[in-house]
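Residue 394 is where the sequence shown starts when you use our numbering, and the numbers rise one by one after that. Note that the Cβ used here is the ideal one computed from N, Cα and C, for glycine as well. Note that this is a predicted model, so its numbers are computed, not measured. Working notes, beginning with the structure itself.
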Amino acid sequence: MNTTKEQIISKLRQDMIGWEGFRPPQPGMANDMGLGPVAMAFPNGIFPTGAIHEFISTCPEDTAASGGFIAGVVQKLMDRGGACLWISYTRRIYPPALKLFGVDPDRVIFVDVPLQKDVLWVTEEALKCEGVVTVICETQHLSFTESQRLQLAVEKSHVTGFVLRKDVKKSNTTACAARWQVRPVRSQLRAGMPGVGHPRWQVELLKVRNGRPGNWTVEWKKKAFQTVIAPQIIEQTRLYA
């Protein structure tokens with residue numbers, strides 16, 4: 394009887410992980426979005442798609458760094474086809490800069506919403522569209538109820554959503570599958586080569602369902618994420634105008 398109960402509980406846990414966007418590994422397919430060691434923080438080492446990822450930023454520099462990191466992940470998602478929507482009420486993204494992260498701006502639909510209070514409604518409707526591969530939302534406030542509505546939408550459509558929260562003064566509880574905080578760090582310059590090096594970030598996974606939060610220094614080089622061991626000094630990433 395005890396064995397049967399343990400089997401039932403184990404099966405329920407696996408089902409819940411699947412419902413939350415953590416898919417089992419498929420033979421011959423890379424499901425880590427190129428994140429390498431960072432992806433090992435997730436169940437089965439798989440980046441959760443069909444889920445909502447929340448990014449916290451407290452200043453414009455963090456917002457720019459988060460946008461660059463998200464673009465690197467979106468590049469992998471768009472390799473599978475489908476449209477990408479970038480929704481905001483104050484568009485500060487510089488579309489040509491997305492090419493640095495392997496994203497063709499012509500394949501991104503930018504949706505400018507006049508009022509901030511309507512951003513999450515537009516995002517929810519976009520997340521319900523099965524023809525969309527990913528939706529990026531720029532906002533400031535996100536309540537638990539609002540995040541729950543977004544999460545319920547992607548559980549039906551299997552669209553991957555990114556909520557980039559700007560100028561957050563105090564974090565609150567949400568229903569998102571993962572909460573990230575990305576900060577820019579100083580690039581490593583090549584000897585004898587002046588200028589700006591490859592984009593580099595301090596990536597912290599603050600919360601992840603059934604996973605292990607962690608902290609990594611990550612660099613974007615040759616259109617791919619590369620993990621850097623030594624932390625560096627913070628400076629601005631030039632993604633936003």
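Item                                                                                                                                                         : Value
Look up Asn437 in the DSSP assignment and say whether it is helix, strand or coil.                                                                           : helix
Using DSSP with H/G/I as helix, E/B as strand and the rest coil, what is Gln619?                                                                             : strand
Just to confirm, is the Cβ distance from Gln544 to Cys569 under 8 Å?                                                                                         : yes
Can you tell me whether Val589 is buried or exposed? The criterion is at least 16 other CB atoms within 10 Å of its CB, across all chains shown.             : exposed
So, helix, strand or coil for Leu543, using DSSP?                                                                                                            : helix
Quick check on Gln581: buried or exposed, where buried means 16 or more other Cβ atoms within 10 Å of its Cβ?                                                : exposed
State the start and end residues of the unbroken alpha helix (DSSP H) segment that holds Ala519.                                                             : Val512 to Leu520
Hey, which unbroken runs of the beta strand (DSSP E) at 3 residues or more fall wholly within the region 526 to 581?                                         : 553 to 558 and 571 to 577
Buried or exposed for Pro418, going by 16 or more other Cβ atoms inside 10 Å?                                                                                : Confidence is the limiting factor: at Pro418 the pLDDT is only 49, short of 50, which leaves the residue's position unreliable and the question unanswerable from this model.
With 16 other CB atoms within 10 Å as the buried threshold, where does Arg576 fall?                                                                          : buried
So within the region 428 to 499, which uninterrupted beta strand (DSSP E) runs reach at least 3 residues, ignoring any that extend past its ends?            : 445 to 449 and 476 to 481
With distance defined between alpha-carbon atoms, name the residue in Lys562, Val526 and Thr610 nearest to Gly474.                                           : Val526
Counting C-beta neighbours from all protein chains within 10 Å, is the total for Cys477 16 or more, i.e. buried, or is it exposed?                           : buried
Indicate whether the contact test is met: 3 or more Cβ pairs, each with one atom in the region 539 to 554 and one in the region 496 to 506, closer than 8 Å. : no
For a quick check, are the C-beta atoms of Ile439 and Asp425 less than 8 Å apart?                                                                            : yes
DSSP state of Lys614, grouped into three classes?                                                                                                            : coil
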